[in-house]
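Visitor: Respectively, the protein sequence lines represent chains A and B. Offset between the first sequence (1-based) and the working numbering: plus 3. Offset between the second sequence (1-based) and the working numbering: plus 3. To start, I am sharing the structure in question, which I have written as C-alpha cells.
Protein chains: 2
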Amino acid sequence: MEQEPPVRRRGRPRSPVLTQRKIATAAVAMIQERGHRELTMAALARRLGVSASALYNHVGSKRDIMILVQDRVNREIDCSAFETEDWEVALERWARSYREVYSRHIPLIPVMTVLPVADSPHTLTMYESVAAGLARAGWPVSWVVNAVVAVESLVFGAAYDATAPETIFDPGELHELAPVFSAAVAHRDLLLQDGDAAPEVGSGADAAFHAGLRSLLAGFRLRLEALHRGEQP
Amino acid sequence: MEQEPPVRRRGRPRSPVLTQRKIATAAVAMIQERGHRELTMAALARRLGVSASALYNHVGSKRDIMILVQDRVNREIDCSAFETEDWEVALERWARSYREVYSRHIPLIPVMTVLPVADSPHTLTMYESVAAGLARAGWPVSWVVNAVVAVESLVFGAAYDATAPETIFDPGELHELAPVFSAAVAHRDLLLQDGDAAPEVGSGADAAFHAGLRSLLAGFRLRLEALHRGEQP
C-alpha cells in the first residue's frame with residue numbers, strides 16, 4: 004500500500020478551501036455538540052480538516068470566531084416588521100423570531116449574551132432596525148437600549164424554558180410543601196390540554212412566553228403614553 | 004520513610020465524611036470552574052477525595068446532584084416579601100434577589116432553567132411563597148405559572164447581561180451601519196455617567212433590568228385591573 008509517494012498536485016488545494024461561512028458553520032456545530040468551552044482554534048481546525056495555521060489565516064482568535072457565529076446566527080432573526088408595523092406588533096414579532104432562533108441554538112446563549120456587538124454587521128443592522136422603528140414611533144432615544152436589553156433578556160430566558168420538559172413544574176411527591184403552587188400547575192396543565200380554549204398555544208413554555216412578552220409590551224406602552232401626556236414616567 | 008506500614012485505625016473514617024451539603028458545595032464549585040458538561044460522578048468523587056462508590060452511597064446519579072445544587076442555590080433567593088408586601092413590591096424584590104443570586108452562578112443557568120423542581124424542597128417552598136402571595140392579592144390561580152415563568156425568564160437573561168462588558172453595545176468602527184442605535188447607546192452612556200440623574204442605578208445592566216422588570220409588572224397590573232373590572236384580559 005505504500006507504492007505511491009505523495010505528489011504535489013498543481014492547481015488543486017491540498018486542504019478544503021476555507022471561507023468565513025464554513026468556519027462559522029463548523030463553530031456553531033461544535034458548540035451545539037460539545038459546548039462553547041470546548042471550542043478552541045486547534046479543535047476547530049481539526050474539525051475543518053485544515054492546519055491551525057490555515058485557520059489563523061482567516062481568524063485571529065476564538066473571539067473572531069465567536070463574532071462570525073454571532074453574525075451568522077443573528078441574521079436568522081426576523082426584524083422586518085419594524086418597516087411596516089406598529090412598534091408593539093414589530094417588537095412582538097422580533098422577540099418571537101429571536102426566541103425561535105435561540106431555542107435552536109441553546110448552547111450559544113452563554114456566549115452571545117455577553118459578546119460585544121462591535122464587528123458584527125448583521126447584529127448591528129438588526130439593532131438599527133429596532134432602534135429606528137422605535138424612534139419613528141415616538142419612543143425617546145434614551146429608552147431604546149433598555150427596551151432592547153429587556154426584550155432580549157426575556158427572550159434568552161424563554162429560549163431555555165422552551166427546551167425544558169413540559170413537567171418541569173410538577174411538584175411530584177413533595178406537593179404538600181406547595182399546595183397553592185401545585186394547584187396552579189394543575190390548573191395550567193388543564194388549560195393546556197383544552198385545545199379549544201387556547202388553540203393558538205402550543206406548549207406551556209409558549210403560553211408563558213407570550214403572556215410575559217405581552218405584559219412587558221403593555222408596560223412599555225403605558226410608560227410611553229404617560230410620557231406623551233407629559234407625565235414623569 | 005517506609006518504616007511504618009499503614010494501620011487500620013478504629014473509629015476514624017479513612018476518607019472525609021460525605022454530606023449532601025459537601026456534595027452540593029463541591030458540585031457548584033466544579034460547575035462554576037469547568038461548566039456543567041464536565042461534572043461527572045467520577046470527577047466529583049475525585050474532587051471530594053472519596054471513591055465513586057462512596058459518592059454513590061449518597062447520590063444515585065448526576066441528576067440527584069443537580070437537584071442538591073438547585074436546592075442549595077435557590078434557598079439563597081429572598082422571597083420573604085410575599086409575606087408582608089403588596090404583590091408588585093414582592094415580585095420586584097423576589098426578581099431582584101433571584102437575579103443577584105444567579106449573576107453569581109452563571110454556569111448553573113443552562114442546567115437550572117430546564118431542571119424539574121420535583122424533589123427540591125427549597126425550590127418548591129419558594130414557588131409556594133410566590134403563588135400564595137399572588138393568590139392572596141387576588142390573582143387568578145391560572146395566571147401564576149405563566150407569571151413565574153415570565154419573571155424567571157427575564158431574570159435568567161438579565162443575570163447573563165449583568166456579567167456582560169459595559170461596552171457590549173458599543174458599535175465600534177461599524178457605527179455608520181447603525182446611526183440611530185449608536186445614538187441611543189451614546190445617550191444611554193451619558194445618562195449612566197450622570198450619577199445625579201440616576202443615583203440608584205449602578206450599571207447599564209442594572210438600569211435595563213429595573214426598567215424591564217417594572218414594565219413587566221406594570222403589564223401584569225394592567226391585566227389584573229382589567230380582570231377585576233370584568234373585562235376579558
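Don't be surprised by glycine CBs; every beta carbon is placed ideally from N, CA and C.
Within 8 Å, do at least three Cβ pairs link the region 21–34 of chain B to the region 67–86 of chain B?
Guide: yes
Visitor: Are the CB atoms of L157 (chain B) and G215 (chain B) within a distance shorter than 9 Å?
Guide: As a first step, residue 215 (chain B) must be located in the second sequence, where it is residue number 212. As a first step, residue 157 (chain B) must be located in the second sequence, where it is residue number 154. Yes, the pair counts as a contact, with Cβ atoms nearer than the cut-off.
Visitor: Using 10 angstroms around the beta-carbon of A229 (chain B), count the other beta-carbons present and answer buried if the total reaches 16, otherwise exposed.
Guide: Working through the second sequence from its first residue, we reach residue 229 (chain B) at position 226. When all chains shown are included, A229 (chain B) counts as exposed.
Visitor: Return the residue from the list B:S54, B:E36, B:S56 and B:S64 that minimises the CA-CA distance to T43 (chain B).
Guide: Indexing the second sequence from 1 puts residue 43 (chain B) at position 40. It is B:S64 whose Cα lies nearest to the Cα of T43 (chain B).
Visitor: Give the straight-line distance between the Cα atoms of E103 (chain B) and T87 (chain B), rounded to the nearest whole angstrom.
Guide: Residue mapping note: residue 103 (chain B) aligns to position 100 of the second sequence, counting from 1. Residue mapping note: residue 87 (chain B) aligns to position 84 of the second sequence, counting from 1. The alpha-carbon atoms of E103 (chain B) and T87 (chain B) are separated by roughly 21 Å.
Visitor: Determine the DSSP secondary structure at H39 (chain B), reduced to helix, strand or coil.
Guide: Translated into positions along the second sequence, residue 39 (chain B) becomes position 36. Helix at H39 (chain B).
Visitor: Since E131 (chain B) meets chain A, which of its residues come closer than 8 Å, beta carbon to beta carbon?
Guide: The residue labelled residue 131 (chain B) in the question sits at position 128 within the second sequence. Those are L180, A181, P182, V183 and F184, listed as they occur along chain A.
Visitor: Can you name the start and end residues of the alpha helix (DSSP H) that A229 (chain B) belongs to?
Guide: Translated into the one-based positions of the second sequence, residue 229 (chain B) becomes position 226. First-last of the alpha helix (DSSP H) with A229 (chain B): G207 to H231.
Visitor: Is there a Cβ of chain B sitting closer than 9 Å to that of L230 (chain A), yes or no?
Guide: Position 227 of the first sequence, counted from the first residue, corresponds to residue 230 (chain A). L230 (chain A) does not count as touching chain B.
Visitor: Are T116 (chain A) and D164 (chain B) closer than 9 Å when you measure CB to CB?
Guide: Counted from its first residue, the first sequence places residue 116 (chain A) at position 113. Counted from its first residue, the second sequence places residue 164 (chain B) at position 161. A contact, by the Cβ cut-off of 9 Å.
Visitor: Looking at A161 (chain A) and S145 (chain B), is the spacing between their C-beta atoms short of 9 Å?
Guide: Numbered from its first residue, the second sequence carries residue 145 (chain B) at position 142. Numbered from its first residue, the first sequence carries residue 161 (chain A) at position 158. Going by C-beta atoms, S145 (chain B) is not nearer than 9 Å to A161 (chain A).
Visitor: Report yes or no: is there a C-beta of chain B within less than 9 Å of the C-beta of L94 (chain A)?
Guide: Locating residue 94 (chain A) in the first sequence gives position 91, where the first residue counts as 1. Output row for L94 (chain A): interface = no.
Visitor: Step through the CB atoms of chain B and report whether any lies within less than 9 Å of the CB of E71 (chain A).
Guide: Here the question's residue 71 (chain A) lines up with position 68 in the first sequence. First, the residue type needs correcting, since residue 71 (chain A) is Leu and not Glu in the sequence shown. False, the Cβ-Cβ gap to chain B never drops below 9 Å.
Visitor: Is the CB of N77 (chain A) under 9 Å away from at least one CB in chain B?
Guide: The residue labelled residue 77 (chain A) in the question sits at position 74 within the first sequence. No, no contact with chain B.
Visitor: Could you give the distance in angstroms between the alpha-carbon of M69 (chain B) and the alpha-carbon of G207 (chain A)?
Guide: In the second sequence, residue 69 (chain B) corresponds to position 66, counting from 1. In the first sequence, residue 207 (chain A) corresponds to position 204, counting from 1. M69 (chain B) and G207 (chain A) have their alpha carbons spaced roughly 23 Å apart.
Visitor: Between the region 119–135 of chain B and the region 167–175 of chain A, do three or more beta carbon pairs fall short of 8 Å?
Guide: yes
Visitor: Can you list the residues of chain A that T170 (chain B) reaches, using a CB-CB cut of under 7 Å?
Guide: By 1-based counting over the second sequence, the position of residue 170 (chain B) is 167. Within 7 Å Cβ-Cβ: P119.
Visitor: Measuring straight from C-alpha to C-alpha, what distance separates G141 (chain A) and E95 (chain B)?
Guide: Taking the first residue of the first sequence as position 1, residue 141 (chain A) is located at position 138. Taking the first residue of the second sequence as position 1, residue 95 (chain B) is located at position 92. One C-alpha to the other measures close to 28 Å.
Visitor: Between Q196 (chain A) and P110 (chain A), how many whole angstroms is the CB-CB distance? I'm expecting something under 8 Å.
Guide: Locating residue 196 (chain A) in the first sequence gives position 193, where the first residue counts as 1. Locating residue 110 (chain A) in the first sequence gives position 107, where the first residue counts as 1. Not quite, the Cβ-Cβ distance comes to about 32 Å (not below 8 Å), so this is no contact.
Visitor: Quick one: does L157 (chain A) have its CB under 9 Å from some CB of chain B?
Guide: For the purposes of this step, residue 157 (chain A) is identified with residue 154 of the first sequence, where counting begins at 1. By this cut-off, L157 (chain A) is an interface position.
Visitor: For chain A, find out if any of its Cβ atoms is closer than 9 Å to the Cβ of L177 (chain B); answer yes or no.
Guide: Here residue 177 (chain B) corresponds to residue number 174 of the second sequence, with the count starting at 1. Closer than 9 Å to some Cβ of chain A, the Cβ of L177 (chain B) qualifies, so yes.
Visitor: If G222 (chain B) and R217 (chain A) are in contact, beta carbons under 8 Å, what's the gap, nearest whole angstrom?
Guide: Within the second sequence, numbered from 1, the residue matching residue 222 (chain B) stands at position 219. Within the first sequence, numbered from 1, the residue matching residue 217 (chain A) stands at position 214. That pair is a contact at about 7 Å.
Visitor: Any idea what DSSP makes of A162 (chain A), helix, strand or coil?
Guide: Here residue 162 (chain A) refers to the residue found at position 159 of the first sequence. If DSSP states are grouped into helix, strand and coil, A162 (chain A) belongs with the helices.
Visitor: Which residues in chain A have a C-beta closer than 8 Å to the C-beta of Y163 (chain B)? List them in chain order.
Guide: Here residue 163 (chain B) corresponds to residue number 160 of the second sequence, with the count starting at 1. Neighbours of Y163 (chain B) in chain A, taken as residues at a C-beta separation under 8 Å, are given in chain order as I112, P113, T116, V117, S156 and F159.
Visitor: Can you list the residues of chain C that H108 (chain B) reaches, using a CB-CB cut of under 7 Å?
Guide: In summary, chain C is missing from the structure at hand, where the protein chains are A and B.
Visitor: My guess is that V148 (chain A) and R37 (chain B) are in contact by the Cβ rule of under 8 Å, so how many angstroms apart are they, rounded?
Guide: Counting from 1 along the first sequence, the entry for residue 148 (chain A) is found at position 145. Counting from 1 along the second sequence, the entry for residue 37 (chain B) is found at position 34. Contact flag wrong, Cβ pair sits at about 33 Å.
Visitor: Helix, strand or coil for W97 (chain B), going by three-state DSSP, please let me know.
Guide: Residue 97 (chain B) sits at position 94 when you count from the first residue of the second sequence. Helix, per DSSP.
Visitor: Check whether the Cβ of R255 (chain A) lies closer than 9 Å to any Cβ atom in chain B.
Guide: In this structure chain A extends from 4 to 236, so residue 255 (chain A) is not present and cannot be described.
Visitor: Assuming L47 (chain A) and L21 (chain A) form a contact by the criterion Cβ under 8 Å, report the distance between their Cβ atoms to the nearest whole angstrom.
Guide: Here residue 47 (chain A) corresponds to residue number 44 of the first sequence, with the count starting at 1. Here residue 21 (chain A) corresponds to residue number 18 of the first sequence, with the count starting at 1. Not confirmed; about 11 Å, so no contact.
Visitor: Please look up how many angstroms separate the CB atoms of F184 (chain A) and E176 (chain B), rounded, as I've assumed it's under 8 Å.
Guide: Residue numbering aside, residue 184 (chain A) sits at position 181 when the first sequence is read from its first letter. Residue numbering aside, residue 176 (chain B) sits at position 173 when the second sequence is read from its first letter. That belief does not hold up - the Cβ atoms of F184 (chain A) and E176 (chain B) are roughly 51 Å apart, past 8 Å.
Visitor: At what residues does the alpha helix (DSSP H) containing P182 (chain A) begin and finish?
Guide: Walking along the first sequence from the start, residue 182 (chain A) turns up at place 179. Segment P182 to Q196, the alpha helix (DSSP H) holding P182 (chain A).
Visitor: Under 9 Å between the Cβ atoms of Y101 (chain B) and E179 (chain B)?
Guide: For the purposes of this step, residue 101 (chain B) is taken as the residue at position 98 of the second sequence. For the purposes of this step, residue 179 (chain B) is taken as the residue at position 176 of the second sequence. Going by C-beta atoms, Y101 (chain B) is not nearer than 9 Å to E179 (chain B).
Visitor: So with CB distances below 7 Å, who are the chain B contacts of S145 (chain A)?
Guide: The count along the first sequence starts at 1 and reaches residue 145 (chain A) at position 142. What S145 (chain A) touches in chain B: H190, R191 and L194.
Visitor: Could you name the residues of the region 31–59 of chain B whose beta carbon sits closer than 9 Å to any beta carbon of chain A, in the order they occur along the chain?
Guide: For the region 31–59 of chain B, which is checked against every Cβ of chain A, the residues closer than 9 Å are R37, G38, H39, R40 and E41.
Visitor: Just the chain A side, please: which residues come within less than 8 Å of A214 (chain B) by C-beta, in chain order?
Guide: As a first step, residue 214 (chain B) is located in the second sequence; it is residue number 211 there, counting from the start. The contacting residues are W146, N149, A150 and A153.
Visitor: For G136 (chain A), I'd like the list of residues in its chain whose CB is within less than 7 Å of its CB, leaving aside the five on either flank, ordered along the chain.
Guide: Here residue 136 (chain A) corresponds to residue number 133 of the first sequence, with the count starting at 1. The answer, listed in chain order, is F85, W90 and A93.
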